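Accompanying notes for the structure given below.
Protein chains: 2
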Amino acid sequence: MASSTVENYLKHVYLIGQTSDQDLVAMGQLATAMEVTPGTATSMIKALSDAELVRYEPRAGVALTPQGEKLALHVLRRHRLVELFLVNVLGLSWTEVHAEAEELEHAISDKVLERIDTYLDHPSVDPHGDPIPPATGVMDTPTLASLADCPLTQPTRIARVLDQDPGFLKFVDRSGLTPGRGVVVQHRDPAADAVTITPDSQPPVTLGTHAASKILVESE
Amino acid sequence: MASSTVENYLKHVYLIGQTSDQDLVAMGQLATAMEVTPGTATSMIKALSDAELVRYEPRAGVALTPQGEKLALHVLRRHRLVELFLVNVLGLSWTEVHAEAEELEHAISDKVLERIDTYLDHPSVDPHGDPIPPATGVMDTPTLASLADCPLTQPTRIARVLDQDPGFLKFVDRSGLTPGRGVVVQHRDPAADAVTITPDSQPPVTLGTHAASKILVESE
DNA sequence: ATTCTGATTTTGATTGGCCAAAATAAAAAG
DNA sequence: CTTTTTATTTTGGCCAATCAAAATCAGAAT
Ligand SMILES: [Mn+2]
Ligand SMILES: [Mn+2]
Ligand SMILES: [Mn+2]
Ligand SMILES: [Mn+2]
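Chains A and B are the protein sequences, given in the same order.
As numbered in the numbering used here, residues 1 to 220 make up the first sequence, in order.
As numbered in the numbering used here, residues 1001 to 1220 make up the second sequence, in order.
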């Protein structure tokens, strides 16, 4: 049985690997994500390497083995199904469920997980628009444009928000930029590093390019 | 923050204390319940004593302080609400939920807990008939007779089953002796150490006195 | 080619939980 | 009263996960 710690390491290797073009995750990034010192990450990764869950290249970085990836995706499935369940069934806010799921993802049995999946009618995305890895088969992660780079003045739909910080999510929520909402990107001002968006039936909002790049859209 | 281990120790001290007339729980019983060696229990209890969660009398036993009892009841509340939720909402069998709740009881936040409580409309007992400690105030644990000692030939109702073993619970389930069901105790045979019961609209069952004593009833 | 710098690894130490087995104390038996 | 039994505590050690700080390495800069 993998401990919560092991599950968290594998999940973070997977998540960092997704948002980076390199095929190896640097130890520094991993240590930062796990909120441990670099030495701690190194020794843990060595242990995971002995357990065949990761491939470790000293001074270069780390990648998941097929076995490690399977486990990471299973944790991610639990995390995201739990988030959706907390929002849709128990009525928690999508801005807060991440922290809850961070604990519950390690405590849910396969049986309970599949009941939740059935109860929710086999959903494909969580409250943040993150795709839910299926029990079997591969997860499709469509490549999406963001508010920082999608076409201007076209009606589009918010598909995914790439940040779990409750402060940021509350701002997104207040501004009407939640997943599923229709929006139009009005214009961009490179000098001011700003993007102005009009969400359907809400006042326009201006946000910085960095924030805009964390909000992904799909074309209508 | 109390670790899962600490929470489990406190819960077991509480539970053993409930089913015993002595006011101190013996280290041996606790070690057995926690499935650790006696020495491990001793050193853990010393630590809990330093943390003011228990009162420890060397060579005599251990009891919860008010603070420790509060924490134990909070864990028990989580455990029992989770069990009921798993049965009533996700449709798991009452014979299996104990093991699930044993993990989840440590991973549920106060916020989620109170949502579950609201969703279930503030229930007072779990699927086994065990009382659910309220968020505030005292839990009432009515003194109940068992199938081994209640009056004969009187219509009564199964109120509580004092064993979490899935094998035993499945037998109870098959026999129609689940909490809420009406039954009549037909007769007892001290020589055979046996009790014969007729559950409403089910064939009669005969069980040993020890098993009968774990099934509690309330008068109609 | 040499030096510097930043990332990484190593080393030595700590903490929480655990076990095995020896030591001890209390209770039961004689 | 002693002796024996049984419960409990102590001792010494292990493993997972962590940190602080020293050592090392690789690439960048000179
Ligand atoms: Mn986690
Ligand atoms: Mn999410
Ligand atoms: Mn538990
Ligand atoms: Mn129960």
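No residue lacks a Cβ here, since even glycine has one placed at the ideal position from N, Cα and C.
Nothing here was measured: the structure is a model prediction, and the numbers come from that model.
- Message: Quick check on B:P1103 - is its C-beta less than 8 Å from some C-beta in chain A?
- Response: Sequence check: residue 1103 of chain B is Glu here, not Pro. Judged by the 8 Å Cβ criterion, B:E1103 is in contact with chain A.
- Message: On the criterion of 16 or more Cβ atoms from any shown chain inside 10 Å, does A:V82 qualify as buried, or is it exposed?
- Response: buried
- Check whether the Cβ of A:V75 lies closer than 8 Å to any Cβ atom in chain B. no
- Nearest CA to the CA of A:L144: which residue from A:R77, A:G137, A:V36, A:S219? A:S219
- Task: Can you grab the Cα-Cα spacing for the pair A:R188 / A:G182, in whole Å?
- Result: 18 Å
- Mind listing which residues of the stretch 34–56 of chain A have their C-beta closer than 7 Å to chain B's C-betas, in chain order? none
- Message: For a test of your reading of the model: does the CB of A:H106 fall under 7 Å from any non-hydrogen atom of ligand 1? Yes or no.
- Response: yes
- Query: Does DSSP classify B:T1040 as helix, strand or coil?
  - Reply: helix
- Task: Check the DSSP bridge columns for A:Y56 and list the partner residues they point to.
- Result: Note: A:Y56 sits in a beta bridge opposite A:V62.
- Below 8 Å on the Cβ atoms is my guess for A:R80 versus A:D130; work out the distance and round it to an integer in Å. 6 Å
- Item | Range of the contiguous alpha helix (DSSP H) that encloses A:G28 | 27–34
- When you check each C-beta in the stretch 1004–1037 of chain B against every C-beta of chain A, which residues fall closer than 8 Å? none
- Query: Which residue comes first and which comes last in the alpha helix (DSSP H) that contains A:V205?
  - Reply: Where A:V205 is concerned, there is no enclosing alpha helix (DSSP H), although the beta strand (DSSP E) around it starts and stops at 205–208.
- Query: Based on Cα-Cα distance, which residue from A:L90, A:H12, A:V184 lies nearest to A:L152?
  - Reply: A:V184
- Item | Contacting residues, own chain, Cβ-Cβ under 7 Å from A:T42 (five flanking each side not counted) | M27
- Item | Per-residue burial, B:A1099 [other beta carbons within 10 Å of its own, 16 or more giving buried] | exposed
- For A:A268, decide whether its Cβ has a neighbour in chain B, counting only Cβ atoms nearer than 8 Å. Since the first residue shown for chain A is 1 and the last is 220, residue 268 of chain A is missing from the structure and cannot be characterised.
- Message: Which residues does DSSP list as the beta-bridge partners of A:V125?
- Response: A:P131
- Would you kindly work out how many angstroms separate the C-alpha atoms of B:K1046 and B:A1063, rounded to a whole number? 12 Å
- Contacts of B:S1219 in chain A (Cβ-Cβ under 8 Å): The premise fails here: B:S1219 is roughly 36 Å from chain A at the closest Cβ pair, so nothing lies under 8 Å.
- Message: For ligand 3, is there any heavy atom lying closer than 7 Å to the beta carbon of B:E1100?
- Response: no
- Item | Enclosing alpha helix (DSSP H) for A:T5 [first to last residue] | 4–18
- What residues from the stretch 1079–1094 of chain B come within 8 Å of chain A, judged by C-beta to C-beta, listed N to C? L1086, V1089, L1090, G1091, L1092
- Any heavy atom of ligand 1 closer than 7 Å to the CB of A:N8? yes
- Query: Between the stretch 91–108 of chain A and the stretch 165–180 of chain A, are three or more C-beta pairs nearer than 8 Å?
  - Reply: yes
- Evaluate A:D135 with the Cβ neighbour count: other Cβ atoms within 10 Å of its Cβ, from every protein chain shown; 16 or more gives buried, anything less gives exposed. The question names Asp, but residue 135 of chain A in the sequence shown is Ala. Classification of A:A135: exposed, given that the 10 Å Cβ count is below 16.
- Can A:S4 be considered in contact with ligand 1, in the sense that its beta carbon sits closer than 7 Å to one or more heavy atoms? Yes - ligand 1 has a heavy atom lying nearer than 7 Å to the Cβ of A:S4.
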